[in-house]
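**Q** As given, the protein sequences belong to chains A and B, one line each in that order.
Taking this note's numbering, the leading residue of the first sequence gets 1, the next gets one more, and so forth.
Taking this note's numbering, the leading residue of the second sequence gets 292, the next gets one more, and so forth.
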Amino acid sequence: MASRPGKLTVMTDTGSGLIMTKGRQISLYPADAQAQISIRGLGKVFPRGLVEALKDIDLDIPAGQFVSLLGPSGCGKSTLLNAIAGFEVPTSGQLLVDGRAVSGPGPDRGMVFQEYALFPWMSVAKNISFGLDVKGVPKAEAAARVEMLLAKLRLAEFRDRYPKDLSGGMRQRVAIARILALDSPIMLMDEPFGALDSLTRRTLQDELLRIWQEFGKTIVFVTHSIEESLYLSDRVVVMTYRPGTIKRDLMVDLAHPRDPSSSDFNRLKRELSQLVMEEQTRSEGLLPTGD
Amino acid sequence: MMRRGWWRGLLRGVAVPVLVVAFWQGLASLGVVNSQILPSPIAVIERWWAYLAPLEAYRPAEGSWLAWVFSGELPADAVASLMRVFGGFAIGGGLALPLGLLMGANRRVFSLFNPLVQILRPIPPIAFIPLSILWFGLGNPPAIFLISIGAFFPMLMNTITGVQTVDGIYIRAARNLGVRPWTMFTRIMLPAAMPYILTGARIGMGTAFIVVIVSEMIAVNSGLGFRILEAREYFWSDKIIAGMFSIGILGLGIDVAMNSLSRILLKWHRGLES
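#1: Output the boundary residues of the beta strand (DSSP E) element that contains Gly378(B).
#2: Using a Cβ-Cβ cut-off of 6 Å (strictly less than) and excluding sequence neighbours within five positions of Gly300(B), which residues of its own chain qualify?
#3: Using the Cα positions of Gln25(A) and Lys55(A), report the straight-line distance between them to the nearest angstrom.
#4: Less than 7 Å between C-beta atoms, sequence neighbours within five positions excluded: which residues of the same chain meet that for Pro107(A)?
#5: Between Ala117(A) and chain B, is the shortest Cβ-Cβ distance under 8 Å, so that the two count as touching?
#6: Quick one: what does DSSP say Ala344(B) is sitting in, helix, strand or coil?
#7: In or out: Thr477(B) buried (at least 16 other Cβ within 10 Å) or exposed?
#8: Quick check on Ala313(B): buried or exposed, where buried means 16 or more other Cβ atoms within 10 Å of its Cβ?
#9: If you drop the 5 nearest sequence neighbours on each side, which residues of the same chain put their C-beta closer than 6 Å to that of Phe433(B)?
#10: Within its chain, find whatever has a CB closer than 7 Å to the CB of Lys269(A); leave out the 5 residues flanking it on each side and keep chain order.
#11: Taking 8 Å as the threshold (C-beta atoms), are Gly379(B) and Ser326(B) in contact?
#12: Have a look at the DSSP bridge pairing and note the partners of Arg235(A).
#13: For the segment 148 to 166 of chain A, enumerate the residues whose C-beta is nearer than 7 Å to any C-beta of chain B, in chain order.
#14: Could you give the uninterrupted runs of the beta strand (DSSP E) lying entirely in the segment 459 to 492 of chain B, keeping only those of 3 residues or more?
#15: Hey, could you find the ends of the alpha helix (DSSP H) Thr452(B) is sitting in?
#16: Using beta-carbon positions only, say whether Gly86(A) and Arg109(A) come within less than 8 Å of one another.
#17: Gly71(A): which of Lys217(A), Val222(A), Ala140(A) and Leu196(A) sits nearest, CA to CA?
#18: How is the beta strand (DSSP E) around Asp190(A) delimited, first residue to last?
#19: Flag Ala533(B) as yes if its beta-carbon sits less than 8 Å from any beta-carbon of chain A, otherwise no.
#20: Quick one: which unbroken alpha helix (DSSP H) runs of 4-plus residues sit fully inside the segment 62 to 139 of chain A? Chain order, please.
#21: With DSSP as the reference, please indicate the residues paired to Leu54(A) in a beta bridge.
#22: Output needed in chain order: residues of the segment 463 to 477 of chain B with a Cβ under 9 Å from some Cβ in chain A.
#23: Do the segment 251 to 266 of chain A and the segment 108 to 127 of chain A touch if we need at least three Cβ pairs shorter than 8 Å?
#24: When the distance is taken between beta carbons, is Val174(A) closer than 8 Å to Ile128(A)?
#25: Can you tell me which of Gly385(B), Ala344(B), Tyr487(B) and Phe377(B) puts its alpha carbon nearest to the alpha carbon of Val502(B)?
#26: Establish whether the CB of Pro482(B) and some CB of chain A are separated by less than 8 Å.
#27: From which residue to which residue does the beta strand (DSSP E) around Phe221(A) run?
#28: Of the residues Ile410(B), Ala492(B) and Arg523(B), which one's Cα is nearest the Cα of Val547(B)?
#29: If you drop the 5 nearest sequence neighbours on each side, which residues of the same chain put their C-beta closer than 8 Å to that of Phe536(B)?
#30: Nearest CA to the CA of Ile540(B): which residue from Pro472(B), Ala464(B), Ala369(B) and Pro482(B)?
#31: So Leu204(A) packs on Leu196(A), CB below 8 Å; how close in whole Å?
#32: For Met111(A), decide whether its Cβ has a neighbour in chain B, counting only Cβ atoms nearer than 8 Å.
#33: Under 8 Å Cβ to Cβ from Asn405(B), same chain only, skipping five residues before and after it: list those, please.
#34: Can you tell which of Ala144(A), Val124(A), Arg154(A) and Ala177(A) has the C-alpha that lies nearest to the C-alpha of Asp313(A)?
#35: Using CA atoms only, rank isn't needed, just tell me which of Ile333(B), Gln455(B) and Ala352(B) is closest to Ala396(B).
#36: I need the DSSP call for Asp314(A), collapsed to helix, strand or coil.
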């Protein structure tokens with residue numbers, strides 16, 4: 001480190017558009033006012049074992065973009081998503097959503113969990129309307145919205161079922177509907193289809209694309225599947241293994257519906273595979289000494 | 292096919308009880324044991340009927356037919372015992388539920404109350420008998436006190452565990468939906484802990500039923516526990532056994548009722564319905 005932390009007024013150009021002040025990094029660039037999610041110099045160190053999960057993350061996500069965070073497990077992609085959601089407090093840097101610093105979880109950033117996280121004591125319809133109920137949306141308006149979503153996600157005939165009686169794919173549809181009900185501009189998804197079989201997974205991916213186009217959401221999607229990230233997103237952000245930094249920020253300019261067997265798709269897939277495998281190998285090399 | 296299977300099941304179910312009763316009747320008929328020690332099943336049933344039936348002939352002028360049907364000694368005792376169970380359970384469980392919820396949800400409250408709870412919990416409710424008589428004398432108050440102690444601890448321990456083991460993912464999901472603390476408590480923590488709470492209620496009810504019989508043998512002059520102890524003083528072994536069977540049937544009834552209440556309240560819960 002060029003500067004000794006703790007010493008006042010020491011400012012060093014790190015050469016990456018970041019300056020160091022008292023050991024903390026502050027970006028030289030102002031946060032992007034256009035971007036819906038604007039991240040500057042974000043870092044997260046977990047106190048246990050001093051694991052540096054995130055380091056110097058700079059990321060701007062404009063409204064309506066579908067971004068995938070891609071990388072091997074342990075690369076901090078879920079930590080980054082949880083920071084945007086407000087579940088994790090970053091140790092350094094700045095995180096703005098719609099120009100305001102994130103201070104905790106909120107319904108403007110709906111989260112879809114891999115484990116579905118539906119409330120098992122509520123029926124499908126109740127699960128979807130719960131957020132509206134909490135928000136204080138008038139009953140009639142909430143009911144109409146729930147009806148619309150039940151129809152949209154083909155859940156109408158399961159409205160009175162409990163989550164335990166639904167398949168994994170069906171549960172994840174309910175979880176998506178629950179977030180859509182809130183009408184939040186941002187949808188955060190943490191490996192939402194990771195636990196599903198490949199056929200259900202494809203159906204839900206197509207459904208998600210349909211929803212994204214219809215509702216115009218900003219989606220931040222965490223996955224470790226290269227193909228999934230390419231099939232769905234406008235932009236793939238590849239992350240490095242410990243510390244989690246951005247390795248590559250790739251725009252995917254392929255028209256929907258995408259054909260995973262096309263040459264363009266496979267060219268990008270090879271490129272991403274190369275990048276992800278490098279990190280995977282690094283993570284395997286680091287693991288034994290890591291703990 | 293279904294019918295045949297059902298009959299076979301019924302046959303299998305009654306086979307052992309019928310054999311045991313037949314053996315018992317055989318012992319009594321052959322005079323192997325003194326009838327004062329072990330009366331015959333027939334004598335027990337006769338006595339049970341006499342215990343159950345109204346003491347006086349039906350006189351329409353004095354009230355309804357239904358009241359007359361239940362005017363026997365056994366119905367009155369059963370009602371007296373049940374009232375004590377419900378009263379004691381309401382007090383014990385009613386105090387244990389809010390305390391358990393608080394202790395489960397708040398670390399500080401837990402560390403304040405847990406030492407005391409751990410010291411008092413292993414004391415069997417029966418051991419409170421001398422103190423309860425000293426404090427409350429005889430009659431219903433000491434009985435209700437003992438029953439509420441019996442119901443209190445199972446309910447408390449299960450409620451604490453239930454709240455403490457609420458899956459963090461529900462809390463995260465709820466926070467994400469913008470749920471505030473009070474709503475979190477009433478609409479997430481409470482229902483999520485409900486399986487444990489109901490198990491606590493069921494165990495507490497079972498304990499309350501044990502304690503009611505004991506406390507009736509000591510402190511009061513009515514109820515099933517009192518009746519079988521009274522019968523012993525007269526050497527009415529047939530009535531003792533008839534009373535015991537009545538206690539068994541009532542206990543089974545309470546357990547079945549608690550179980551179906553759980554089934555209704557937890558119809559969302561995995562594993563309860565097969």
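Using N, Cα and C, we set each Cβ at its ideal position, and we do this for glycine too.
**A** With the given structure in hand:
#1: As a working note, residue 378(B) is residue 87 in the second sequence. No beta strand (DSSP E) holds Gly378(B); the alpha helix (DSSP H) holding it covers Glu364 to Ala396.
#2: Within the second sequence, numbered from 1, the residue matching residue 300(B) stands at position 9. Around Gly300(B): no qualifying Cβ.
#3: By 1-based counting over the first sequence, the position of residue 25(A) is 25. By 1-based counting over the first sequence, the position of residue 55(A) is 55. Low confidence applies here, because Gln25(A) scores a pLDDT of 44, under 50, leaving its location unreliable; read the following figure in that light. The straight-line gap from Cα to Cα measures roughly 10 Å.
#4: For the purposes of this step, residue 107(A) is taken as the residue at position 107 of the first sequence. Closer than 7 Å at Cβ, skipping near neighbours: Gly131, Lys135, Leu182 and Ser184.
#5: Looking up residue 117(A) in the first sequence gives position 117. Yes, its Cβ sits closer than 8 Å to a Cβ of chain B.
#6: As a first step, residue 344(B) is located in the second sequence; it is residue number 53 there, counting from the start. Note: Ala344(B) maps to coil in three-state DSSP.
#7: Counting from one through the second sequence, the residue named residue 477(B) turns up at place 186. Exposed.
#8: In the second sequence, counting from the first residue as 1, residue 313(B) sits at position 22. Answer is exposed; the Cβ neighbour count stays below 16.
#9: Taking the second sequence and counting its residues from 1, the one referred to as residue 433(B) is at position 142. Contrary to the premise, residue 433(B) reads as Pro rather than Phe in this sequence. If we look at Pro433(B) and ignore the five residues flanking it on each side, its Cβ neighbours are Ser423, Ile424, Phe427 and Ala510.
#10: On the first sequence, position 269 is the one that residue 269(A) refers to. Excluding sequence neighbours, Lys269(A) sits near Ile226, Glu227 and Leu230.
#11: For the purposes of this step, residue 326(B) is taken as the residue at position 35 of the second sequence. For the purposes of this step, residue 379(B) is taken as the residue at position 88 of the second sequence. No, these two residues do not count as a Cβ contact at 8 Å.
#12: Here residue 235(A) refers to the residue found at position 235 of the first sequence. Paired residues: Val67(A) and Met251(A).
#13: Tyr162 and Lys164
#14: none
#15: Start at 1 with the first residue of the second sequence, and residue 452(B) comes out as number 161. Asn431 to Gln455 is the span of the alpha helix (DSSP H), which, as asked, contains Thr452(B).
#16: Within the first sequence, residue 86(A) is the residue found at index 86, counting from 1. Within the first sequence, residue 109(A) is the residue found at index 109, counting from 1. Yes, Cβ-Cβ distance for Gly86(A) and Arg109(A) is below 8 Å.
#17: Reading the first sequence from its first residue, position 71 is the one you call residue 71(A). Checking every option, the nearest Cα to that of Gly71(A) belongs to Val222(A).
#18: By one-based count along the first sequence, residue 190(A) stands at place 190. Start and end: Ile186 to Asp190.
#19: Here residue 533(B) refers to the residue found at position 242 when the second sequence is read from its first residue. No, Ala533(B) lies away from the interface with chain A (no Cβ there is under 8 Å from its Cβ).
#20: 77 to 85 and 124 to 135
#21: If you number the first sequence from 1, residue 54(A) lands on position 54. In DSSP, Leu54(A) forms a bridge with Lys44(A) and Gly244(A).
#22: Arg463, Ala464, Ala465, Arg466, Asn467, Leu468, Gly469, Val470, Arg471 and Thr474
#23: no
#24: Position 128 of the first sequence, counting from 1, holds the residue named residue 128(A). Position 174 of the first sequence, counting from 1, holds the residue named residue 174(A). Contact: yes.
#25: Residue numbering aside, residue 502(B) sits at position 211 when the second sequence is read from its first letter. The shortest Cα separation from Val502(B) among Gly385(B), Ala344(B), Tyr487(B) and Phe377(B) belongs to Phe377(B).
#26: Mapped onto the second sequence, residue 482(B) falls at position 191. True, the Cβ-Cβ gap to chain A drops below 8 Å.
#27: What you label residue 221(A) is simply residue 221 of the first sequence in a count that begins at 1. Taken as a continuous stretch (DSSP letters only), the beta strand (DSSP E) holding Phe221(A) covers Thr218 to Thr223.
#28: Indexing the second sequence from 1 puts residue 547(B) at position 256. Closest by alpha carbon: Ala492(B).
#29: Counting from one through the second sequence, the residue named residue 536(B) turns up at place 245. Counting only Cβ-Cβ distances below 8 Å, and skipping sequence neighbours, we find Val335 and Trp339.
#30: Here residue 540(B) refers to the residue found at position 249 of the second sequence. When each option's Cα is compared against that of Ile540(B), the closest is Ala369(B).
#31: Position 204 of the first sequence, counting from 1, holds the residue named residue 204(A). Position 196 of the first sequence, counting from 1, holds the residue named residue 196(A). With a Cβ gap of about 7 Å, Leu204(A) and Leu196(A) count as contacting.
#32: One-based indexing of the first sequence puts residue 111(A) at position 111. Yes, because at least one Cβ of chain B sits closer than 8 Å to the Cβ of Met111(A).
#33: Within the second sequence, residue 405(B) is the residue found at index 114, counting from 1. Same-chain partners within the cutoff: Met394.
#34: Any answer about residue 313(A) is impossible in this case: the structure gives chain A only from 1 up to 291.
#35: Along the second sequence, read from residue 1 onward, the residue named residue 396(B) stands at position 105. Residue Gln455(B) is the option with its Cα nearest to Ala396(B).
#36: Past the boundaries of the shown model lies residue 314(A); chain A is included only from 1 to 291, so the question cannot be answered.
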